[in-house]
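J.: Sharing a structure below in structure tokens format, with a few things to ask.
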Amino acid sequence: MNEIFNFQIPQWVRDINEDREYHGTEIIGYHYYTYKKPLPFLNESQIEQFPALVYFIAQTPTYFSGNITSREGQSCKQAQKYEPVASEAVLKLLVQQSVSMWIVALDQLKVEMPQNDTSLDQLISSSSNCSEKFLMFINDERRCPLQYWNNVARTAHMYTGVQPVFLSAPLPAAMSVVLYKRLPLLDESTCRQMFLLHQLSYSILFQDYTPHAVWELIDILLPNATEDECPPLHDTMWNSIDSPLTELQLIYLSGEHDLVKLENKQSYVLVGLTGGIAVIALAVSIFWGLNGSAFAN
Numbered sequence: 001m002n003e004i005f006n007f008q009i010p011q012w013v014r015d016i017n018e019d020r021e022y023h024g025t026e027i028i029g030y031h032y033y034t035y036k037k038p039l040p041f042l043n044e045s046q047i048e049q050f051p052a053l054v055y056f057i058a059q060t061p062t063y064f065s066g067n068i069t070s071r072e073g074q075s076c077k078q079a080q081k082y083e084p085v086a087s088e089a090v091l092k093l094l095v096q097q098s099v100s101m102w103i104v105a106l107d108q109l110k111v112e113m114p115q116n117d118t119s120l121d122q123l124i125s126s127s128s129n130c131s132e133k134f135l136m137f138i139n140d141e142r143r144c145p146l147q148y149w150n151n152v153a154r155t156a157h158m159y160t161g162v163q164p165v166f167l168s169a170p171l172p173a174a175m176s177v178v179l180y181k182r183l184p185l186l187d188e189s190t191c192r193q194m195f196l197l198h199q200l201s202y203s204i205l206f207q208d209y210t211p212h213a214v215w216e217l218i219d220i221l222l223p224n225a226t227e228d229e230c231p232p233l234h235d236t237m238w239n240s241i242d243s244p245l246t247e248l249q250l251i252y253l254s255g256e257h258d259l260v261k262l263e264n265k266q267s268y269v270l271v272g273l274t275g276g277i278a279v280i281a282l283a284v285s286i287f288w289g290l291n292g293s294a295f296a297n
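Quick note on numbering: the sequence shown equals residues 1 to 297 in the numbering used here.
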């Protein structure tokens, strides 16, 4: 079994990383530890026997319930139809399937990414349902990328049940209008914003984006709901979402948004400045031309 822990499992983890095209901070790591004394981040009561597999995310362990050390005995009946020489290979295959399925089941990542103003508007309005809880993350990846966002999303969904939502800034005009008119306390110029949507309200902004800190703040912000009622939110930590825009409002405000964006472009300002200087220069040249001509006489 040491061979499985030292060589086989690391390869299975690498295979999962390759299959999911994980890179950088997304990669699932593997660490082999000789357990000589208790570790503060492990709960021995959750470990039935050693060796044991533990999956960590956001400083929180999840323990593999399979009995790896006695799996050979459990698998004898399945291996009897094979030749004795092949039984070890069959055992490893069974362990691999069990471990891989366990990791993949834990490593779920489902992030909503609204593609237009209609889907975004519907998502915001759907927060009126008490069972709907969204972790919204708006990020300009060019200006301030958050390399471990997927880990934040995975942690939030796994331990709190909220649905992660990602919006890539800058947003198209119509989406921007829907978001910032319905949630007016947000700042479009901010590079990165994270908050919760629930009960037609949006929470205070998250300041610490580390997975464990996000999870802890979610627990503070969201009250424990029951089947019969939707408990009230803390007034000081939540703001009401404004009503949806009419179609006419959306058209007008989207056009205004594009116009303001165009006016603020440096190239636009430079052209205007150059054009203004050219007009002044032309006026001066005409004045001096007329001043020295027969017209002046």
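Backbone N, C-alpha and C fix where the C-beta goes; we use that ideal spot for every residue, glycine too.
Here's a check: name, in chain order, each residue in its chain whose Cβ is nearer than 7 angstroms to the Cβ of G73, leaving out the five neighbours to either side.
T.: Reading the sequence shown from its first residue, position 73 is the one you call residue 73. Residue placement at G73 is poorly supported in this model, since its pLDDT is 41, which falls under 50; the coordinates still yield a value, given next. Around G73: no qualifying Cβ.
J.: How far does the beta strand (DSSP E) with I138 in it reach, from first residue to last?
T.: Counting from one through the sequence shown, the residue named residue 138 turns up at place 138. It spans 134-139 - the beta strand (DSSP E) in which I138 sits, taken as one unbroken run.
J.: Compare the Cα-Cα distances from A153 to each of P61, D19, R14, W215 and report the closest residue.
T.: Start at 1 with the first residue of the sequence shown, and residue 153 comes out as number 153. Checking every option, the nearest Cα to that of A153 belongs to W215.
J.: Do you know offhand how far D15's Cα is from L222's?
T.: Counting from 1 along the sequence shown, the entry for residue 15 is found at position 15. Counting from 1 along the sequence shown, the entry for residue 222 is found at position 222. Their backbone Cα atoms lie some 37 angstroms apart in a straight line.
J.: Less than 8 angstroms between the beta carbons of V178 and L248, yes or no?
T.: In the sequence shown, the residue the question calls residue 178 occupies position 178. In the sequence shown, the residue the question calls residue 248 occupies position 248. Their beta carbons are not under 8 angstroms apart, which means V178 does not touch L248 by this criterion.
J.: How would you write the range of the alpha helix (DSSP H) that P40 sits in, first residue to last?
T.: For the purposes of this step, residue 40 is taken as residue 40 along the sequence shown, with counting starting at 1. First-last for P40: undefined, no H or E at that position.
J.: Mapping DSSP to helix, strand and coil, what is Q74?
T.: In the sequence shown, residue 74 corresponds to position 74, counting from 1. For Q74, the predicted model reports a pLDDT of 42, less than 50, meaning its position is unreliable and no value from the coordinates is stated.
J.: Just to confirm my understanding: we take I308, look at its own chain, exclude 5 residues before and 5 after, and list those with CB closer than 6 angstroms. What are they?
T.: Nothing about residue 308 can be reported from this structure: the residues present for the chain run from 1 to 297 only.
J.: What is the rounded straight-line gap between the Cα of N17 and the Cα of L250?
T.: Taking the first residue of the sequence shown as position 1, residue 17 is located at position 17. Taking the first residue of the sequence shown as position 1, residue 250 is located at position 250. Rounded to whole angstroms, N17 to L250 spans 43 angstroms at the Cα level.
J.: Please classify S39: is it buried, with 16 or more other beta-carbons within 10 angstroms of its beta-carbon, or exposed?
T.: Counting from 1 along the sequence shown, the entry for residue 39 is found at position 39. Sequence inspection shows Leu at residue 39; the Ser mentioned does not correspond to that position. Exposed is the call here.
J.: Would you mind working out which of A156, F166, S189 sits nearest P211, comparing C-alpha positions?
T.: As a working note, residue 211 is residue 211 in the sequence shown. Nearest C-alpha to P211: A156.
J.: Take F56 as the anchor and find which of M113, P145, W102 has the nearest alpha-carbon.
T.: For the purposes of this step, residue 56 is taken as the residue at position 56 of the sequence shown. Of M113, P145, W102, the residue nearest in Cα terms is W102.
J.: Using alpha carbons as the reference points, say which of T34, S125, L53 lies closest to Q199.
T.: For this step, residue 199 is matched to residue 199 along the sequence shown. Ranking the options by Cα distance to Q199, first place goes to S125.
J.: Rounded to whole angstroms, what is the Cα-Cα separation between S119 and L171?
T.: Mapped onto the sequence shown, residue 119 falls at position 119. Mapped onto the sequence shown, residue 171 falls at position 171. Cα to Cα, S119 sits roughly 13 angstroms from L171.
J.: How would you call M175, buried or exposed, if buried means at least 16 neighbouring beta carbons within 10 angstroms?
T.: Here residue 175 is taken as the residue at index 175 of the sequence shown, counted from 1. Buried, because 16 or more other Cβ atoms sit within 10 Å of the Cβ of M175.
J.: According to DSSP, is N239 part of a helix, a strand, or is it coil?
T.: For the purposes of this step, residue 239 is taken as residue 239 along the sequence shown, with counting starting at 1. DSSP places N239 in strand when its eight states are reduced to three.
J.: Is there a Cβ from chain B that is less than 8 angstroms from the Cβ of S100?
T.: Included in the structure is just one protein chain, with no chain B present.
J.: Residues in its own chain within less than 6 angstroms of M113 by CB, not counting five upstream and five downstream?
T.: Position 113 of the sequence shown, counted from the start, is the residue given in the question as residue 113. Answer for M113: F166, listed in chain order.
J.: Do A169 and D140 have their beta-carbon atoms positioned less than 8 angstroms apart in this structure?
T.: As a working note, residue 140 is residue 140 in the sequence shown. As a working note, residue 169 is residue 169 in the sequence shown. In contact: D140 and A169 (Cβ atoms closer than 8 angstroms).
J.: Give every residue of the same chain whose Cβ lies closer than 7 angstroms to the Cβ of P184, excluding the five residues on either side of it in the sequence, and list them in chain order.
T.: Here residue 184 refers to the residue found at position 184 when the sequence shown is read from its first residue. Counting only Cβ-Cβ distances below 7 angstroms, and skipping sequence neighbours, we find D242.
J.: Of the choices Q59, L146, F195, K92, whose alpha-carbon is the least far from that of M158?
T.: Position 158 of the sequence shown, counted from the start, is the residue given in the question as residue 158. Cα-wise, what sits closest to M158 is Q59.
J.: To the nearest angstrom, how far is the alpha carbon of V90 from that of K133?
T.: Reading the sequence shown from its first residue, position 90 is the one you call residue 90. Reading the sequence shown from its first residue, position 133 is the one you call residue 133. Taking the straight line from one Cα to the other gives about 44 angstroms.
J.: With distance defined between alpha-carbon atoms, name the residue in T34, T25, Y32, L253 nearest to E180.
T.: To locate residue 180, count along the sequence shown from 1; it is residue 180. Note on residue identity: the sequence assigns Tyr, not Glu, to residue 180. Ranking the options by Cα distance to Y180, first place goes to L253.
J.: Nearest to I218 by CA position, among S128, F195, K92, is which residue?
T.: Position 218 of the sequence shown holds residue 218. Out of S128, F195, K92, F195 has the C-alpha closest to the C-alpha of I218.
J.: In three-state terms, what does DSSP make of A86?
T.: Translated into positions along the sequence shown, residue 86 becomes position 86. Legend: pLDDT at A86 = 49, less than 50; position of this residue unreliable, value from coordinates given subsequently. Residue state, collapsed to three classes: helix.
J.: Could you tell me which uninterrupted alpha helix (DSSP H) segments, each at least 4 residues in length, are contained entirely in the stretch 150-186, listed from first to last along the chain?
T.: Within the stretch 150-186, the complete alpha helix (DSSP H) runs of at least 4 residues are 173-182.
J.: Give the C-beta separation of Y202 and N151 to the nearest angstrom, bearing in mind that I take them to be a contact with Cβ-Cβ under 8 angstroms.
T.: Numbered from its first residue, the sequence shown carries residue 202 at position 202. Numbered from its first residue, the sequence shown carries residue 151 at position 151. Wrong, their Cβ atoms sit about 23 angstroms apart, outside the cutoff.
J.: Among all the DSSP beta bridges, which residues are the ones paired with S201?
T.: Translated into the one-based positions of the sequence shown, residue 201 becomes position 201. According to DSSP, S201 bridges with H198, S240.
J.: Could you compute how far the alpha carbon of P232 sits from the alpha carbon of R182?
T.: To locate residue 232, count along the sequence shown from 1; it is residue 232. To locate residue 182, count along the sequence shown from 1; it is residue 182. Taking the straight line joining both Cα atoms gives about 21 angstroms.
J.: In this structure, does DSSP put K81 in helix, strand or coil?
T.: As a working note, residue 81 is residue 81 in the sequence shown. No answer about K81 holds up, because its pLDDT of 46 lies below 50 and its placement is not dependable.
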